[in-house]
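Please read the structure below before turning to the comments.
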Amino acid sequence: MKKGIIGKKVGMTQIFNEKGKVIPVTVVEAGPCVVTQKKTLENDGYEAVQIGFGDQKPQRVKKPLTGHFKKGDVAPKKVLKELRLEDITALNVGDLIKADTFAAGEKVDVTGTSKGKGYAGVIKRWNFRRLKETHGTGPVARHGGSNGACSTPSRVWKGLKMAGHLGAETVTIQNLTVAKVDAENNLIAIKGAIPGPNGGIVVIRDSVKA
Numbered sequence: 001m002k003k004g005i006i007g008k009k010v011g012m013t014q015i016f017n018e019k020g021k022v023i024p025v026t027v028v029e030a031g032p033c034v035v036t037q038k039k040t041l042e043n044d045g046y047e048a049v050q051i052g053f054g055d056q057k058p059q060r061v062k063k064p065l066t067g068h069f070k071k072g073d074v075a076p077k078k079v080l081k082e083l084r085l086e087d088i089t090a091l092n093v094g095d096l097i098k099a100d101t102f103a104a105g106e107k108v109d110v111t112g113t114s115k116g117k118g119y120a121g122v123i124k125r126w127n128f129r130r131l132k133e134t135h136g137t138g139p140v141a142r143h144g145g146s147n148g149a150c151s152t153p154s155r156v157w158k159g160l161k162m163a164g165h166l167g168a169e170t171v172t173i174q175n176l177t178v179a180k181v182d183a184e185n186n187l188i189a190i191k192g193a194i195p196g197p198n199g200g201i202v203v204i205r206d207s208v209k210a
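Following the numbering used here, the numbering of the sequence shown begins with 1 at its first residue and continues without gaps.
Next comes the structure, spelled out in structure tokens:
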């Protein structure tokens, strides 16, 4: 990873390119993020930078984190993330990372927490098809059906697709394109959809597959 930034999903809209084609985009309020800690090979065994996003009231920060922010002489932040960058020599504690770290046309990976949808059945959760609704199937057309063999293995295999909690998990979408960057207002428009609800926290990184 060469660069990254924390942002807040604002919502989806559309923009037009120079040919008049409509491009659906997700707008992210990206940064400004401040470097709150720098981890080195000598002290920590690996190289990384910790960045913070969103101002937090000092009275809402617990004592260990208060000391952490005081040590770096930075204001308290709501969200902290660690980025293991290839080269951290140019970054120091207190430096700002702004939206213009990315440019239009670049490929990025976006990580966020998907929308939680509660307890869901197998049709909604795993795209199962319904059972037939005639000839004695009974009122179980949307059930999961048989989920284990009889004598062998006489149990249900681990990892079997069943009903359960849907969403509210970390999701990364790769190879998205940055459509536009508004450095003045700290906004990045990314082509297509990204995980999570409006107002959700996301991390934007340069694409690993680009």
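Built from N, CA and C at the ideal position, the CB exists for glycine as well. On a predicted model such as this, the values are computed, not experimentally measured, just so you know.
Quick check on DSSP: helix, strand or coil for residue i?
i, result
"K161", "coil"
"D182", "strand"
"G200", "coil"
"E29", "strand"
"R125", "helix"
"T101", "helix"
"P139", "coil"
"G54", "strand"
"L41", "helix"
Sort the options by Cα distance to residue i and report the nearest one.
i, options, result
"L80", "E169, K124, L131, G7", "G7"
"T13", "G112, A193, D206", "A193"
"P195", "V122, V110, V27", "V110"
"M1", "M162, A163, E47", "E47"
"D95", "L65, V202, G31, T172", "G31"
"R217", "D87, N186, A141, G118", "Residue 217 cannot be examined here, being either before or after the span of the chain that is shown, 1 to 210."
"T89", "L187, K38, V178", "K38"
"C33", "D44, P24, V49, K19", "V49"
"R205", "E82, V22, G67", "E82"
"E86", "K9, G199, T40", "T40"
"L166", "N127, E18, F53", "N127"
Could you confirm whether any beta carbon from chain C is found closer than 9 Å to the beta carbon of residue i?
i, result
"P197", "Here chain C cannot be found, since the structure has a single protein chain."
Should residue i and residue j be called a contact, given that it needs their Cβ atoms to be closer than 9 Å?
i, j, result
"S114", "T170", "yes"
"E106", "A210", "yes"
"L131", "G121", "no"
"V28", "I190", "yes"
"I97", "V178", "no"
"V203", "G112", "yes"
"Y119", "A163", "yes"
"K9", "P139", "no"
Taking DSSP's pairing of strands, which residues face residue i in a bridge?
i, result
"D73", "For D73, which the question treats as bridged, DSSP gives no partner whatsoever."
"Y119", "H165"
"P83", "Note that residue 83 is Leu in the sequence shown, not Pro. DSSP lists V49 as partners of L83."
"L96", "V34"
"R205", "G4, D109"
"T66", "T66 is not bridged to any residue."
Task: Cβ contact check for the stretch 62–76 and the stretch 153–160: 3 or more pairs under 8 Å - done: no
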